[in-house]
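For the numbering used here, add 23 to where a residue sits in the sequence shown, where the first one is 1.
What follows is a set of notes on a single structure, which appears directly below.
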Amino acid sequence: MAKLLAILFTFSSINTASSLAVNITSALHAPAATGLPTTANLATVSITQSCDDIHTCRTLYSIVQTCLATILACVWAAVHRNIPAPKAVPGPRKRGRFMKAARWLWANICNQRELAIVLIVTLLAPEWVLAWAIRQRLRAGKLVMELEKARAEAAERWKEDHVKEAEDRGTRVAGRGSSENLIENRPSATSKPSHPAHSESRDAWRGAWSVAKLSQDAHAFFIIMGGYQAYDKDGPIHPLGPNEVVELVRVGALVPPTEDELSNQSKGDVLSKGVAILQTIWFVAQCIARLVEHLPLTNLEVMTLAYTIMTVAMYIAWWNKPLNVSCAIRVPGARIRGQDYHQNSWWDISYYVIGWQDNEVDLDYVQGVPTFWAGKVEDDDLIHADIIALLVATTFGAVHCIAWSYTFASRTELLMWRASAIAIVTIPAGLIIGLGMPRVDKSSDVWYYITIIASLIGAPVYICARAILLVLSCDTLKSLPYNVYQTVQGTDFIPHI
Numbered sequence: 024m025a026k027l028l029a030i031l032f033t034f035s036s037i038n039t040a041s042s043l044a045v046n047i048t049s050a051l052h053a054p055a056a057t058g059l060p061t062t063a064n065l066a067t068v069s070i071t072q073s074c075d076d077i078h079t080c081r082t083l084y085s086i087v088q089t090c091l092a093t094i095l096a097c098v099w100a101a102v103h104r105n106i107p108a109p110k111a112v113p114g115p116r117k118r119g120r121f122m123k124a125a126r127w128l129w130a131n132i133c134n135q136r137e138l139a140i141v142l143i144v145t146l147l148a149p150e151w152v153l154a155w156a157i158r159q160r161l162r163a164g165k166l167v168m169e170l171e172k173a174r175a176e177a178a179e180r181w182k183e184d185h186v187k188e189a190e191d192r193g194t195r196v197a198g199r200g201s202s203e204n205l206i207e208n209r210p211s212a213t214s215k216p217s218h219p220a221h222s223e224s225r226d227a228w229r230g231a232w233s234v235a236k237l238s239q240d241a242h243a244f245f246i247i248m249g250g251y252q253a254y255d256k257d258g259p260i261h262p263l264g265p266n267e268v269v270e271l272v273r274v275g276a277l278v279p280p281t282e283d284e285l286s287n288q289s290k291g292d293v294l295s296k297g298v299a300i301l302q303t304i305w306f307v308a309q310c311i312a313r314l315v316e317h318l319p320l321t322n323l324e325v326m327t328l329a330y331t332i333m334t335v336a337m338y339i340a341w342w343n344k345p346l347n348v349s350c351a352i353r354v355p356g357a358r359i360r361g362q363d364y365h366q367n368s369w370w371d372i373s374y375y376v377i378g379w380q381d382n383e384v385d386l387d388y389v390q391g392v393p394t395f396w397a398g399k400v401e402d403d404d405l406i407h408a409d410i411i412a413l414l415v416a417t418t419f420g421a422v423h424c425i426a427w428s429y430t431f432a433s434r435t436e437l438l439m440w441r442a443s444a445i446a447i448v449t450i451p452a453g454l455i456i457g458l459g460m461p462r463v464d465k466s467s468d469v470w471y472y473i474t475i476i477a478s479l480i481g482a483p484v485y486i487c488a489r490a491i492l493l494v495l496s497c498d499t500l501k502s503l504p505y506n507v508y509q510t511v512q513g514t515d516f517i518p519h520i
């Protein structure tokens with residue numbers, strides 16, 4: 024990701040001058056509209072002439088490039104997907120270079136399928152992905168407390184079974200002055216194929232004891248995203264849910280990875296995150312400066328600004344979640360046979376729309392956690408997550424109203440923009456009311472069913488509105504007012520693409 028952004032940065036510097044020349048030449052030689060007043064013509068010429076320096080004007084190419092780079096940086100850096108299901112055991116290899124190349128290409132496409140799904144959903148319905156992120160955040164916070172409680176119980180049992188060694192350990196802690204040193208010689212999370220269950224009981228209890236400083240947010244997120252996978256001699260069985268992992272910690276049969284080991288698995292480097300953050304800061308600062316100077320934004324910039332608000336909220340919710348982990352830690356397990364699990368009813372789709380899909384999933388019958396799995400949060404936390412996400416969504420929709428009075432090619436396009444902006448504001452607001460009313464009126468379940476029906480109707484309307492806004496944002500680039508090309512001085516000191 025960092026390399027891609029660096030290439031875009033270099034490419035933009037090379038092409039800015041040539042694009043600028045093309046735009047200025049087109050503007051100078053464009054025929055003036057016959058019905059345009061003389062004062063307007065003079066203003067147009069004045070603005071055009073002010074764009075004779077690369078430092079005082081921008082080009083259509085640079086506008087589109089910065090918007091695309093900002094969206095790409097925000098979405099790519101903010102989205103933290105779950106761990107994909109383990110790869111199936113490969114069948115007999117087919118001979119021939121073409122077949123080998125085809126198998127390699129297909130395997131790589133399948134590996135990126137889940138990431139592509141998450142990115143597409145984020146582009147179309149970012150508030151829905153934000154609700155998923157908040158649910159994981161709330162579940163991780165409670166899982167940390169559950170792990171600490173299980174660790175304390177395991178440590179107490181270890182002390183009861185190994186009184187003398189516990190006393191010696193306490194003496195060493197007092198001498199060192201820090202309990203963190205107790206884990207420096209701990210067995211590595213990847214040092215044994217049979218990890219995390221060790222054959223030696225003593226090592227297992229020590230592992231449970233050392234969880235004290237490891238049960239932080241990153242480890243809780245790692246569990247929720249499918250970090251532990253049950254295996255047997257025939258291959259992967261199913262991912263372990265949070266409750267199963269907590270039970271393993273309670274009985275002293277799990278040695279969790281350290282934060283350093285989790286960081287090694289996570290593919291989120293400081294450079295790519297830094298580039299994404301700087302690009303976002305620069306873009307927001309530029310938009311605010313243009314509004315202060317009464318210079319218009321393009322519709323594409325308005326839409327991009329809305330995305331930055333949503334993706335920043337996602338990034339905050341997923342701050343400690345490992346990024347792009349590709350494989351889980353193996354745990355010996357037993358295979359459940361004679362049963363199958365299906366999820367294909369229309370009612371299940373409604374649960375996905377309102378974020379209640381986790382209750383319809385049994386991890387014992389799937390090979391990997393679902394794409395939008397959040398760990399089966401409690402009902403109150405689920406409602407809280409949805410309400411928070413919908414509140415942010417109203418801000419996301421309200422940003423599109425910046426272009427309420429902008430110039431469009433036709434009045435039909437203007438009305439379509441306004442109607443779509445209203446839709447993506449009112450639909451989340453209506454769902455907030457539907458989710459909040461059951462807390463006021465607890466005597467009836469009617470609001471529960473109203474919310475489900477409203478979500479089924481509102482979801483396709485919302486998606487259509489988002490698609491219309493996207494199409495109009497691109498279509499309006501054909502006829503931009505001249506003052507759109509004027510730049511605001513003072514924001515270029517921030518490194519950006």
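The beta-carbon is built from N, C-alpha and C at its ideal position, and this holds for glycine as well.
Computed from a prediction, not measured in an experiment: that's the story for all the values here.
Under 8 Å, do L161 and V400 count as touching if we go by C-beta distance?
yes
Determine the closest residue to I410 out of A156, I106, L138 and K296, with distance taken between C-alpha atoms.
A156
What do you get for G398, buried or exposed, if any count of 16 or more other CB atoms within 10 angstroms of its CB means buried?
Around the beta carbon of G398, 16 or more other beta carbons lie within 10 angstroms, which makes this residue buried.
If I follow the unbroken beta strand (DSSP E) through Q252, where does it start and stop?
Counting along the chain, the beta strand (DSSP E) containing Q252 begins and ends at Y251 to D255.
Whole angstroms is fine: what's the gap from Y251's alpha carbon to A148's?
29 Å
Could you check which residue in W440, S502 and L454 has the C-alpha nearest to that of A490?
W440
Among all the DSSP beta bridges, which residues are the ones paired with I352?
Beta-bridge analysis with DSSP links I352 to Y251.
Is it buried or exposed, K123, if we count other Cβ atoms within 10 angstroms and call 16 or more buried?
exposed
So, helix, strand or coil for G297, using DSSP?
Judged by DSSP in its simplified three-state form, G297 adopts helix.
To the nearest angstrom, how far is it from the Cα of A308 to the Cα of V354?
48 Å
Between the C-alpha atoms of L438 and T394, what's the straight-line distance to the nearest angstrom?
36 Å
Taking a contact to mean a Cβ-Cβ separation below 8 Å, would you say I455 touches L414 in this structure?
A contact, by the Cβ cut-off of 8 Å.
Residue range of the alpha helix (DSSP H) that I86 falls in?
L83 to A101
P345 by DSSP, collapsed to three states: which one?
Here P345 sits in coil by DSSP.
For E176, which residues from the same chain have a beta carbon less than 6 Å from its beta carbon, with the 5 sequence-adjacent residues on both sides left out?
R273
Leaving out five residues before and five after V315 in sequence, what residues of the same chain have Cβ atoms less than 6 Å from its Cβ?
Excluding five sequence positions before and after V315, none of the CB atoms of its chain fall closer than 6 Å to its own CB.
Which listed residue (A312, F306 and M337) has its alpha carbon closest to that of L323:
F306
So A241 packs on N343, CB below 8 Å; how close in whole Å?
5 Å
Let me know the alpha helix (DSSP H) ranges lying completely inside the stretch 141-192, each 4 residues or longer, listed in chain order.
149-184
Any idea what DSSP makes of P461, helix, strand or coil?
helix
Rounded separation between G264 and L277 - CA only
14 Å
Residue of M333, M460 and Y254 minimising C-alpha distance to A351
Y254
Measure the alpha-carbon distance for G481 versus T145 and round it to whole angstroms.
17 Å
Output the distance between the C-alpha atoms of G258 and I140, rounded to the nearest integer angstrom.
Those two C-alpha atoms are separated by around 26 Å.
Taking the beta strand (DSSP E) that P259 falls in, what are its first and last residues?
Going by DSSP, P259 is part of the beta strand (DSSP E) stretching over G258 to P262.
Separation of T474 from S502, as counted between CA atoms
41 Å
Rounded to whole angstroms, what's the CA-CA distance from L328 to C310? Just pull it up for me.
8 Å
Return the CA-CA distance between A108 and N347, expressed in angstroms with no decimal places.
13 Å
Look at the alpha carbon of V507 and the alpha carbon of L500, and state the distance between them as a whole number of angstroms.
10 Å
Label Q302 either buried or exposed according to how many other C-beta atoms from any shown protein chain fall within 10 Å of its C-beta, with 16 as the threshold for buried.
buried
Can you find a C-beta in chain B that's less than 8 Å from the C-beta of P259?
Although the question refers to chain B, the structure presented lacks it and comprises just one protein chain.
On the criterion of 16 or more Cβ atoms from any shown chain inside 10 Å, does T61 qualify as buried, or is it exposed?
Confidence in T61 is poor, its pLDDT being 41 and thus under 50, which makes the residue's placement unreliable; the coordinate value appears in the next sentence. Exposed is the call here.
If you draw a straight line from the alpha carbon of T449 to that of C97, how long is it in whole angstroms?
25 Å
How many Å lie between Q88 and M326 at the Cα?
Within the model, the alpha-carbon separation for Q88 versus M326 is close to 14 Å.
Measuring CA to CA, which of I332, L320, Y505 and P280 is closest to I300?
I332
Starting from V484 and walking both ways along the alpha helix (DSSP H), at which residues does that stretch end?
V469 to D498
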